[in-house]
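Anchor point for the sequence shown: position 69 equals 87 in the numbering used here, and the numbering is continuous, going up by one each time. Only one structure is covered here, and it is reproduced in the block below.
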Amino acid sequence: MHIMKKTADWQWKDLAENGWKTPKTDWTNAAMYTGMMAFGKLANDNTYFKKLIKIGEENKWGLGPKPFFADDYCVGQTYSQLYKIYQNPKYIAKFKDRADTIVTLPHAESLLWVNEIYTREWAWCDALYMGPPALGYLSESTANMKYLNTASKLWWKSSDWLYDKKEHLFYRDSRYFDQKEKNGTKVFWSRGKGWVVGGLVRILDLMPKNHPDRKKFEMQFKEMSKKIASLQQPDGSWHSSLLDPASFPAKETSGTGFFAYALAWGINHNLLSYEDFNGVVKKSWTALVTSVHPNGKLGFVQAQGRDPQGVTFDDTDVYGVGAFLLAGSEIYKMELNRADG
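Right, here's the structure in full:
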């Protein structure tokens, strides 16, 4: 708990002193907010909720500029979660208006990476963290399943296009279908897959047990979890390239954080066995904690991008901290559950 607080507080201090690199509605910050929400709930500390409400007020509870671009409504996750706690309708009014339009769209285009398709459809794997949970949390907050049902329908459209059924991993987008790493393997980017499994567990968290699509989500989660666990490096991390770790020898904490979060969540919800996965999770937490500077700054966070790149101890970004806090929150619960028997 202490290391999570230290990292969270470093992030707020850094933003206050050095400014925000991207708009407060941006996906980068929205991913950070998801971790801050999780940590605030775990620590039972509404200081973090108050900080997020202040940001919502500064945003006028608005979203990013492109109406159907998943990155631009990722922040709706946090607005919806805050609404559930505080029941203030203005928190979700603008997001609900946008979501009401999203659910009526035909979503009939090909997901081929042309003509700015990403502004209209979930044509890249990162979108599966940005879009589906935002719609899912809105369903939870409004008790209207139409948003979650649309998220499910569009998830499987993206999955049919991007999921490699042999590798049990998602391509980033159609540009990577035929690309190869230096060692001849397919290009599967760590954080990209982290976005997917992070989105998967958030949808599963929100989806009723009797939902007709739930079993499909559970099956995909188990398949991906087994594959991801098999690709963990000896130091407990995942490198930027999942299938060519030697070409990117440094650990990478944003992907590692999302993987640790998802695997710990799976154990906590009895979808993954503690015996098979707890060692993977514990090693990953060690890799994450040893990436934190003495002042609380999280290092080894790959810069914004779309494919594997190099990374150093000094590299950080807000979404990495979000992943770290999500991971820590689930791992803390996992340890608590074991202690309670």
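The C-beta atom is built at its ideal place from N, Cα and C for all residues, glycine as well. Quick caveat: nothing in here was measured; it's all calculated off a predicted structure.
Residue i (DSSP reduced to helix, strand or coil)
{"i": "residue 174", "result": "helix"}
{"i": "residue 20", "result": "helix"}
{"i": "residue 248", "result": "helix"}
{"i": "residue 315", "result": "coil"}
{"i": "residue 207", "result": "strand"}
{"i": "residue 270", "result": "strand"}
{"i": "residue 302", "result": "helix"}
{"i": "residue 310", "result": "strand"}
{"i": "residue 259", "result": "strand"}
{"i": "residue 198", "result": "strand"}
{"i": "residue 133", "result": "coil"}
{"i": "residue 265", "result": "helix"}
{"i": "residue 39", "result": "coil"}
{"i": "residue 47", "result": "helix"}
{"i": "residue 324", "result": "coil"}
{"i": "residue 290", "result": "coil"}
{"i": "residue 329", "result": "coil"}
{"i": "residue 275", "result": "helix"}
{"i": "residue 227", "result": "coil"}
{"i": "residue 334", "result": "coil"}
{"i": "residue 254", "result": "coil"}
{"i": "residue 27", "result": "helix"}
{"i": "residue 358", "result": "coil"}
Residue j beta carbon less than 7 angstroms from that of residue i
{"i": "residue 176", "j": "residue 140", "result": "yes"}
{"i": "residue 42", "j": "residue 77", "result": "yes"}
{"i": "residue 343", "j": "residue 53", "result": "yes"}
{"i": "residue 319", "j": "residue 271", "result": "yes"}
{"i": "residue 70", "j": "residue 96", "result": "yes"}
{"i": "residue 363", "j": "residue 217", "result": "Given that the chain is displayed from residue 19 to residue 359, the structure contains no residue 363 and the question cannot be resolved."}
{"i": "residue 339", "j": "residue 99", "result": "no"}
{"i": "residue 84", "j": "residue 46", "result": "no"}
{"i": "residue 274", "j": "residue 247", "result": "no"}
{"i": "residue 372", "j": "residue 353", "result": "One cannot answer for residue 372 here, as it falls past the ends of the chain, which runs 19 to 359."}
{"i": "residue 290", "j": "residue 243", "result": "yes"}
{"i": "residue 350", "j": "residue 50", "result": "no"}
{"i": "residue 154", "j": "residue 221", "result": "yes"}
{"i": "residue 117", "j": "residue 165", "result": "yes"}
{"i": "residue 360", "j": "residue 92", "result": "The structure shown has nothing for residue 360, since the chain only spans 19 to 359."}
Span separating the alpha-carbon of residue i from that of residue j
{"i": "residue 73", "j": "residue 200", "result": "43 angstroms"}
{"i": "residue 161", "j": "residue 253", "result": "43 angstroms"}
{"i": "residue 260", "j": "residue 293", "result": "24 angstroms"}
{"i": "residue 286", "j": "residue 279", "result": "10 angstroms"}
{"i": "residue 20", "j": "residue 335", "result": "20 angstroms"}
{"i": "residue 315", "j": "residue 269", "result": "16 angstroms"}
{"i": "residue 238", "j": "residue 34", "result": "40 angstroms"}
{"i": "residue 263", "j": "residue 189", "result": "17 angstroms"}
{"i": "residue 81", "j": "residue 179", "result": "27 angstroms"}
{"i": "residue 26", "j": "residue 64", "result": "13 angstroms"}
{"i": "residue 223", "j": "residue 90", "result": "22 angstroms"}
{"i": "residue 333", "j": "residue 313", "result": "14 angstroms"}
{"i": "residue 219", "j": "residue 249", "result": "19 angstroms"}
{"i": "residue 152", "j": "residue 94", "result": "5 angstroms"}
{"i": "residue 119", "j": "residue 87", "result": "13 angstroms"}
{"i": "residue 205", "j": "residue 328", "result": "14 angstroms"}
{"i": "residue 108", "j": "residue 102", "result": "12 angstroms"}
{"i": "residue 167", "j": "residue 135", "result": "22 angstroms"}
{"i": "residue 307", "j": "residue 295", "result": "19 angstroms"}
{"i": "residue 148", "j": "residue 317", "result": "23 angstroms"}
{"i": "residue 60", "j": "residue 79", "result": "24 angstroms"}
{"i": "residue 213", "j": "residue 276", "result": "7 angstroms"}
{"i": "residue 129", "j": "residue 123", "result": "15 angstroms"}
{"i": "residue 258", "j": "residue 326", "result": "5 angstroms"}
{"i": "residue 169", "j": "residue 36", "result": "36 angstroms"}
{"i": "residue 322", "j": "residue 226", "result": "34 angstroms"}
{"i": "residue 121", "j": "residue 174", "result": "15 angstroms"}
{"i": "residue 106", "j": "residue 75", "result": "12 angstroms"}
{"i": "residue 245", "j": "residue 133", "result": "33 angstroms"}
{"i": "residue 16", "j": "residue 215", "result": "Limits of the chain in this structure are 19 at one end and 359 at the other, which puts residue 16 out of reach."}
{"i": "residue 240", "j": "residue 301", "result": "19 angstroms"}
{"i": "residue 303", "j": "residue 251", "result": "13 angstroms"}
{"i": "residue 255", "j": "residue 299", "result": "10 angstroms"}
{"i": "residue 197", "j": "residue 330", "result": "25 angstroms"}
{"i": "residue 355", "j": "residue 345", "result": "15 angstroms"}
{"i": "residue 194", "j": "residue 265", "result": "17 angstroms"}
Neighbour flag for residue i against chain B, beta carbons, 7 angstroms
{"i": "residue 357", "result": "Given the protein chain composition of this structure (a single chain), no chain B is represented."}
Between the segment 207-226 and the segment 136-150, can you find at least three pairs of beta-carbon atoms closer than 8 angstroms? Flag = yes, the segment 136-150 and the segment 207-226 touch.
Enumerated in chain order, which unbroken segments of the alpha helix (DSSP H) with a length of 4 residues or greater are wholly contained in the segment 138-190? Those alpha helix (DSSP H) runs which fall completely within the segment 138-190 and span 4+ residues are 145-148, 150-160 and 164-180.
Which runs of the alpha helix (DSSP H) spanning at least 4 residues fall entirely within the segment 100-128, listed in chain order? Taking only runs of at least 4 residues, the alpha helix (DSSP H) segments lying wholly in the segment 100-128 are 108-120.
So, does the segment 113-122 touch the segment 174-189, judging by three or more C-beta pairs under 8 angstroms? By the criterion of at least three beta-carbon pairs nearer than 8 angstroms, the segment 113-122 is not in contact with the segment 174-189.
With three or more beta-carbon pairs closer than 8 angstroms as the criterion, would you say the segment 227-244 touches the segment 153-160? The segment 227-244 makes no contact with the segment 153-160; the number of CB pairs closer than 8 angstroms stays below 3.
Let me know the beta strand (DSSP E) ranges lying completely inside the segment 54-95, each 3 residues or longer, listed in chain order. Counting only runs of 3 or more residues that sit fully inside the segment 54-95, no beta strand (DSSP E) segment turns up.
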